[in-house]
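For the sequence shown, this note's numbering gives the first residue as 203, with consecutive numbering after it. Take a look at the structure set out below.
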Amino acid sequence: MLAAIRVNGDHVAAIGDNIKALIFPLAELPEMGRGKGVKLQNYKQGGLADVAVFDGAHGPEWVDGGGRRRNWPDWKDWLGKRAGAGRQGPRGLRKFR
203 MLAAIRVNGD HVAAIGDNIK ALIFPLAELP EMGRGKGVKL QNYKQGGLAD VAVFDGAHGP
263 EWVDGGGRRR NWPDWKDWLG KRAGAGRQGP RGLRKFR
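In structure tokens, the structure reads:
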């Protein structure tokens with residue numbers, strides 16, 4: 203999956219097809235030359251389902267299947283190094299929007 207998003211924050215959250223989540227500081231994301239890519243999260247199966255940039259002071263938010271806006275107060279438990287596998291996301295997490 204290719205993703206182009208507006209960078210407005212200081213942390214990146216990557217969600218895999220397997221609902222594993224990985225959050226890392228935006229500073230760990232290198233600026234690459236044209237035509238280059240960078241690995242956000244490591245997957246055994248599947249790939250990247252969604253990616254979001256958020257402000258660490260407020261934490262990430264997503265909209266669940268019922269259209270309700272959900273916040274993620276304990277997001278720091280998913281902090282890791284860029285290109286790591288991550289761990290199972292919180293209950294109700296599917297994709298960021």
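No residue lacks a Cβ here, since even glycine has one placed at the ideal position from N, Cα and C.
{"query": "Bridge-paired residues (DSSP) for residue 213", "result": "227, 256"}
{"query": "Residue of 246, 243, 294, 226 minimising C-alpha distance to residue 273", "result": "294"}
{"query": "Contact check, residue 228 vs residue 285, beta carbons under 9 Å", "result": "no"}
{"query": "Beta-carbon spacing of residue 222, residue 267 below 9 Å", "result": "no"}
{"query": "Cβ pair residue 246, residue 215 closer than 9 Å", "result": "no"}
{"query": "Proximity of residue 283 and residue 230 at Cβ, strictly below 9 Å", "result": "yes"}
{"query": "Distance CB(residue 265)-CB(residue 208) smaller than 9 Å", "result": "no"}
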